[in-house]
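These notes are about the structure you will find just below.
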Amino acid sequence: METKRVIVDGVTEDPAFDEAVALLKAGEVVAFPTETVYGLGGIATNDAAVTAIYAAKGRPSDNPLIVHIGAFDQLERYVDNISEKAKKCMDAFWPGPLTVICHVKPGALSEKVTAGLDTVGIRMPNHPVALRLLRQLDEPVAAPSANTSGKPSPTEGVHVEEDLTGRIPLILDGGATGIGVESTVIDLTLDTPTILRPGGITKEMFEAVIGPVNEPTHIEQKAGAPKAPGMKYTHYAPDAPVLLIDNDEVEVKEALAALHADGKKVALLAPDHFGKLEADWFFTFGDGTHEQMAAHLYDALRACNATNADVVLATVTDKNDMGSAIMNRLEKSAGGHWYEG
Ligand code: TXA
Ligand code: MG
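The sequence shown begins at 5 in our numbering and counts up one residue at a time.
Here it is as structure tokens:
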């Protein structure tokens, strides 16, 4: 299959949207940008389209997909008994980087979307290209991140091209996504709202709107707290092993020297000022603020695959606000492993 990548901005009229809508209506899949990462979309009521999404990504079929909508009035077609807290969150943060787990209306969506669960994750993305596509289509779009399963999520159209060329017909390329990590997933079907995946909408932001919210740690999630089914799979991993290290120039310098003495080639992922150290490859986290780290993280992890590094060293940040989402992704890409000198 030939894969076309078309640059669009979501504001200017463009025949690429008609083409995307026609492909989707024919049960095909199309990649598109959101404010978090690129999604690989298919119509969520169409079993064949949803099957094609799992196949293109090589994703295990017990990991449910998020359903994207472009307007509030679409919501009640697919979900039942929306709680007051859920409504408040949607009003406060949609369109935006928030996925709300709700009770699915029986039969309203392909069962393959929910992987057999009686709940569904719904989100209204805040990106002009995504919104234009969703509104023109007026159908619910199931869309996981548009990467090969296990790899870092795509934050640029070319990342999608790297992973999915030959497997999908069309990529709507809206340039680099803004936030850079996936949406926050919150389960609002539980007595206490629970964050299943941290993201751009933080615990503090929810609590200002709906009161107390649980955010189980990685370890608590492993011990059986409510979780997103996708959490058990490897995620965001470049080919070489990733080791976490403190955001400290002296420590990183010593680690580089020790790894080099061991004959290892090292790719370093860290804020700009670490660029002067003697890593074999350096990929920046920008100025190291949470915003810039999130925006650069997946591009940096992906860039490691174009090197022949034996080890990837990545500097960490605190877990306040967006730091929680960044550290969740970094810990997974490293499988929880730290550099130990
Ligand atoms: O930012 C995003 O959310 C991106 C863009 C494309 O919208 N999408 C995305 O989708 O990250 P995906 O499929 O890569 O991640 C979906 C996550 C998985 O961890 C999955 O297990 C969880 O949401 N999830 C989906 N439906 C769920 C449900 N009913 N209950 C619990 N977790 C669910
Ligand atoms: Mg994903």
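Glycine included, C-beta positions come from ideal geometry on N, C-alpha and C.
### Query
What is the DSSP secondary structure of residue 287, counted as helix, strand or coil?
The residue given as residue 287 occupies position 283 in the sequence shown. DSSP places residue 287 in strand when its eight states are reduced to three.
### Task
May I have the straight-line CA-CA distance separating residue 53 from residue 276, to the nearest angstrom?
Counted from its first residue, the sequence shown places residue 53 at position 49. Counted from its first residue, the sequence shown places residue 276 at position 272. Each residue's Cα considered, the two are about 42 Å apart.
### Task
Classify residue 332 as helix, strand or coil using the three-state DSSP reduction.
Here residue 332 refers to the residue found at position 328 when the sequence shown is read from its first residue. Taken through DSSP and simplified to helix, strand or coil, residue 332 comes out as helix.
#### Entry: From 243, 31, 264, residue whose alpha carbon lies closest to that of residue 311
Taking the first residue of the sequence shown as position 1, residue 311 is located at position 307. Selected option, being the one with the closest Cα: 243.
### Runs of alpha helix (DSSP H) wholly within the region 161-233 (minimum 4 residues, chain order)
161-168, 207-214, 222-226
### Task
Report yes if the C-beta distance between residue 247 and residue 283 is below 9 Å; otherwise report no.
Within the sequence shown, residue 247 is the residue found at index 243, counting from 1. Within the sequence shown, residue 283 is the residue found at index 279, counting from 1. Annotated as distal: residue 247 and residue 283, with beta-carbon spacing of 9 Å or more.
### Query
residue 297 to residue 330, Cα distance in whole Å?
Position 293 of the sequence shown, counting from 1, holds the residue named residue 297. Position 326 of the sequence shown, counting from 1, holds the residue named residue 330. One C-alpha to the other measures close to 7 Å.
### Validate contact between the region 184-202 and the region 214-224 using beta carbons, cut 8 Å, 3 pairs
yes
### Query
In whole angstroms, what is the alpha-carbon distance linking residue 180 and residue 160?
Within the sequence shown, residue 180 is the residue found at index 176, counting from 1. Within the sequence shown, residue 160 is the residue found at index 156, counting from 1. Their Cα atoms are separated by approximately 5 Å.
### Query
Of all the beta strand (DSSP E) runs that stay within the bounds of the region 12-87, which reach a length of 3 or more residues?
34-37, 42-47, 70-72
### Message
Just list the residues that DSSP pairs residue 319 with in beta bridges.
### Response
By one-based count along the sequence shown, residue 319 stands at place 315. Residue 319 pairs with 249.
### Query
In whole angstroms, what separates the C-alpha of residue 166 from that of residue 336?
Translated into the one-based positions of the sequence shown, residue 166 becomes position 162. Translated into the one-based positions of the sequence shown, residue 336 becomes position 332. Each residue's alpha carbon lies about 22 Å from the other.
### Query
How about residue 149: is its Cβ closer than 8 Å to a heavy atom in the ligand MG?
Counting from one through the sequence shown, the residue named residue 149 turns up at place 145. Answer for residue 149: yes, Cβ within range of the ligand MG.
### Query
Between residue 112 and the ligand TXA, is the CB less than 8 Å from at least one heavy atom?
Residue numbering aside, residue 112 sits at position 108 when the sequence shown is read from its first letter. Not so, every heavy atom of the ligand TXA lies at least 8 Å from the Cβ.
### Message
Measuring only from the beta carbon, is residue 55 closer than 8 Å to any heavy atom that is part of the ligand TXA?
### Response
Mapped onto the sequence shown, residue 55 falls at position 51. No, the beta carbon of residue 55 sits no closer than 8 Å to any heavy atom of the ligand TXA.
### 6 Å CB neighbourhood of residue 38 in its chain, flanking five on each side removed
As a working mapping, residue 38 is identified with position 34 in the sequence shown. Once the five neighbours on either side are set aside, the close Cβ partners of residue 38 are 129, 131, 134.
#### Entry: Between the CA atoms of residue 231 and residue 224 - distance to the nearest angstrom
The count along the sequence shown starts at 1 and reaches residue 224 at position 220. The count along the sequence shown starts at 1 and reaches residue 231 at position 227. Distance between the alpha carbons of residue 224 and residue 231: 10 Å.
### Query
With distances taken from CA atoms, which of 332, 95, 60 is nearest residue 239?
To locate residue 239, count along the sequence shown from 1; it is residue 235. Comparing Cα positions, the closest option is 332.
### 8 Å CB neighbourhood of residue 65 in its chain, flanking five on each side removed
Here residue 65 corresponds to residue number 61 of the sequence shown, with the count starting at 1. If we look at residue 65 and ignore the five residues flanking it on each side, its Cβ neighbours are 58, 116, 119.
### Message
Between the alpha carbons of residue 113 and residue 334, how many angstroms are there, rounded?
### Response
Indexing the sequence shown from 1 puts residue 113 at position 109. Indexing the sequence shown from 1 puts residue 334 at position 330. For residue 113 and residue 334, the distance between alpha carbons rounds to 33 Å.
### Query
Would residue 145 be called buried (16 or more neighbouring beta carbons within 10 Å of its own) or exposed?
Position 141 of the sequence shown, counting from 1, holds the residue named residue 145. Buried, because 16 or more other Cβ atoms sit within 10 Å of the Cβ of residue 145.
#### Entry: Spatial distance of residue 191 from residue 32 (CA atoms)
Translated into the one-based positions of the sequence shown, residue 191 becomes position 187. Translated into the one-based positions of the sequence shown, residue 32 becomes position 28. Distance between the alpha carbons of residue 191 and residue 32: 30 Å.
### Task
Tell whether a beta-carbon distance below 9 Å holds between residue 325 and residue 208.
As a position in the sequence shown, residue 325 is number 321, starting the count at 1. As a position in the sequence shown, residue 208 is number 204, starting the count at 1. Taking 9 Å as the Cβ cut-off, residue 325 and residue 208 qualify as a contacting pair.
### Contact check, residue 314 vs residue 269, beta carbons under 9 Å
If you number the sequence shown from 1, residue 314 lands on position 310. If you number the sequence shown from 1, residue 269 lands on position 265. Yes, the Cβ-Cβ distance between residue 314 and residue 269 is below 9 Å.
### Task
Using a threshold of 9 Å, state whether the C-beta atoms of residue 241 and residue 155 are closer than that.
Residue numbering aside, residue 241 sits at position 237 when the sequence shown is read from its first letter. Residue numbering aside, residue 155 sits at position 151 when the sequence shown is read from its first letter. Less than 9 Å separates the beta-carbon of residue 241 from that of residue 155.
### Task
Just the C-alpha distance for residue 51 and residue 173, rounded to the nearest angstrom, thanks.
Indexing the sequence shown from 1 puts residue 51 at position 47. Indexing the sequence shown from 1 puts residue 173 at position 169. Computed Cα separation, rounded: 18 Å.
### Span separating the alpha-carbon of residue 292 from that of residue 30
By 1-based counting over the sequence shown, the position of residue 292 is 288. By 1-based counting over the sequence shown, the position of residue 30 is 26. Their Cα atoms are separated by approximately 44 Å.
### Message
Can you tell me whether residue 44 is buried or exposed? The criterion is at least 16 other CB atoms within 10 Å of its CB, across all chains shown.
### Response
Counting from 1 along the sequence shown, the entry for residue 44 is found at position 40. Residue 44 should be labelled buried.
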